[in-house]
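So the protein sequences, as listed, match chains A and B.
First residue of the first sequence? That's 97 in this note's numbering, and the numbers climb one at a time after it.
First residue of the second sequence? That's 97 in this note's numbering, and the numbers climb one at a time after it.
Below is one structure, written out as structure tokens; the observations come after it.
Protein chains: 2
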Amino acid sequence: MKIAILGTGRIGGALARLWQGHGHEIALVARNEERAQSLRNDFPRCRVIRASACAKAEVVALCMPWNAAESALQSVSGLDGKVLIDCTNPLNADASGLILDGTASAAEQIQEWAPKAKVVKAFNSLGAALLGNADFAGVPADGFYCGDDAEAKRLVAVLVQDAGLHPVDVGPLKNARCLEPLAMLWIDLALHQKRGGNFAFKLISRERG
Amino acid sequence: MKIAILGTGRIGGALARLWQGHGHEIALVARNEERAQSLRNDFPRCRVIRASACAKAEVVALCMPWNAAESALQSVSGLDGKVLIDCTNPLNADASGLILDGTASAAEQIQEWAPKAKVVKAFNSLGAALLGNADFAGVPADGFYCGDDAEAKRLVAVLVQDAGLHPVDVGPLKNARCLEPLAMLWIDLALHQKRGGNFAFKLISRERG
Chain A
97 MKIAILGTGR
107 IGGALARLWQ
117 GHGHEIALVA
127 RNEERAQSLR
137 NDFPRCRVIR
147 ASACAKAEVV
157 ALCMPWNAAE
167 SALQSVSGLD
177 GKVLIDCTNP
187 LNADASGLIL
197 DGTASAAEQI
207 QEWAPKAKVV
217 KAFNSLGAAL
227 LGNADFAGVP
237 ADGFYCGDDA
247 EAKRLVAVLV
257 QDAGLHPVDV
267 GPLKNARCLE
277 PLAMLWIDLA
287 LHQKRGGNFA
297 FKLISRERG
Chain B
97 MKIAILGTGR
107 IGGALARLWQ
117 GHGHEIALVA
127 RNEERAQSLR
137 NDFPRCRVIR
147 ASACAKAEVV
157 ALCMPWNAAE
167 SALQSVSGLD
177 GKVLIDCTNP
187 LNADASGLIL
197 DGTASAAEQI
207 QEWAPKAKVV
217 KAFNSLGAAL
227 LGNADFAGVP
237 ADGFYCGDDA
247 EAKRLVAVLV
257 QDAGLHPVDV
267 GPLKNARCLE
277 PLAMLWIDLA
287 LHQKRGGNFA
297 FKLISRERG
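Right, here's the structure in full:
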């Protein structure tokens, strides 16, 4: 797939390397030439583009901090019809809570900002260090995702797998209202409860009880 | 432990039987004599009491639907200093969403209603049919709980174990803001995504990545 990545912090950077390693064509979006040069140094196998060139991608992954998401999306042209993966979490300043209430989600807000994109929430509910490194005694951590477009979700499931996670479809986009608090719980346990980052939530199931 | 249970629906009824089987003294709260007689028939090994008699219990488990929780608590005397287990979820009428926003939780509201009780959120994030029946190929489902009183949480961890679940402490009471959406996700997957009830979320961890 041709994938443009907005935001090359811990999550975006990890996804770029993993997806590139699985043969996807990765383009990293830089807002200016200084940043572009830095990205070329850090990601020599990826293309570096301006936001206006996202139109050529099939998939756009939004890996910015939440407070930068709206302006990043505004700078991108041609999102209509594309798969837009939302990796954000609407955290407050000290990452102690979410700034959206339980009748809203970052993913649904992003869908409003890009109404014709096929938004899929993914990669938000575990630490970046687990991407590509998610083996728990032979059991892969789960990559939960949700969205309203079935075909977009099939593409994202492949990308979740290519990031080393077991893809788990958790329903429509509004279930981001649950995945974002799940991320908040992961963050709180990791940072504030001092559990570190070597854990994940997994959906376990069986045929019958 | 001496435990009074408010609400003997699916969750409260299952906990009554399981805890009684582990040697705890269970008292079921009935709001009138008709209900009391029905409970005596259904739970012959448990005592049936009026709310005013909860003062003798060490632990009170609130297993009512959310919209009945406030009046149930008002009818109970002597909650000060007791462990109060909140098993509720603040669901809307058709169980399609939560009615509290992400900066609040049922558990914190209950703590306001019973300010001197030691509130612990537990037993809210999986289906009642999994209580006492939570073996997934040799792996027990997790019973997540959170609260602000360490001693109260130690007691609740024992009761989680006695309900057949692996106890997992997920931090302070405010993390109910995450456990309640996790319950919403469980309910949505079970009911609306037709996954049935034979699944649970588990926290998996490892020493190092």
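Cβ atoms here follow ideal geometry from the backbone N, Cα and C, with glycine treated the same way.
Item                                                                                                                            : Value
Contiguous beta strand (DSSP E) assignments of at least 3 residues, all confined to the stretch 135 to 205 of chain A           : 143 to 145, 155 to 158, 179 to 182
Enclosing beta strand (DSSP E) for A:Leu102 [first to last residue]                                                             : 98 to 102
Whole-number beta carbon distance between B:Ala253 and B:Ala203, since they are thought to touch under 8 Å                      : Not quite, the Cβ-Cβ distance comes to about 16 Å (not below 8 Å), so this is no contact.
Given A:Lys98 as reference, the closest of A:Arg113, A:Gly117, A:Ile122 once Cα atoms are compared                              : A:Ile122
Of the residues B:Leu278, B:Lys178, B:Ala224, the one placed nearest B:Gly105, counting alpha carbons only                      : B:Ala224
Proximity test, B:Asn220 beta-carbon vs the ligand PLP heavy atom, cut-off 6 Å                                                  : In terms of ligand content, the structure shown is empty, and the ligand PLP therefore cannot be addressed.
A:Val256 to A:Leu111 span [Cα, whole Å]                                                                                         : 9 Å
Within 7 Å, strictly: CB atoms of B:Val144 and B:Ala126                                                                         : yes
Where B:Ser301 meets chain A, residues with beta-carbon distance less than 9 Å                                                  : Phe232, Arg291, Gly292, Asn294, Phe295, Ala296
Beta-ladder partner(s) of A:Gly243, from DSSP                                                                                   : A:Val216
Chain B contacts from the stretch 175 to 188 of chain A (Cβ-Cβ distance under 7 Å)                                              : none
Closest residue to B:Ala213 among B:Ile181, B:Gly239, B:Leu226, B:Ala233 (Cα-Cα distance)                                       : B:Ile181
Own chain, CB closer than 8 Å to B:Arg113, minus 5 neighbours either side, in chain order                                       : Phe139, Gly228
In DSSP terms, what A:Lys298 is bridged to                                                                                      : B:Lys298
Sufficient close CB pairs (3 or more, under 8 Å) joining the stretch 255 to 270 of chain A to the stretch 158 to 176 of chain A : no
Cβ neighbours of A:Ile283 in the same chain (closer than 6 Å, five flanking residues each side left out)                        : Ala191
Beta-carbon contacts of A:Glu130 that lie in its chain and below 6 Å, excluding the five residues immediately before and after  : none
Of the residues B:Leu187, B:Gln205, B:Ala296, B:Pro268, the one placed nearest B:Asp244, counting alpha carbons only            : B:Pro268
CB of B:Lys249 within 7 Å of CB of B:Val215, strictly                                                                           : no
CA-to-CA distance, B:Ala153 to A:His118, given in whole angstroms                                                               : 60 Å
Paired residues, beta bridge with A:Val235 - DSSP                                                                               : A:Phe232
Within chain A, partners of B:Leu269 - CB distance below 9 Å                                                                    : The premise fails here: B:Leu269 is roughly 12 Å from chain A at the closest Cβ pair, so nothing lies under 9 Å.
Alpha-carbon to alpha-carbon, B:Gly198 and B:Ala279                                                                             : 14 Å
Chain-ordered chain B contacts of A:Val266 [CB-CB under 7 Å]                                                                    : Leu281, Leu285
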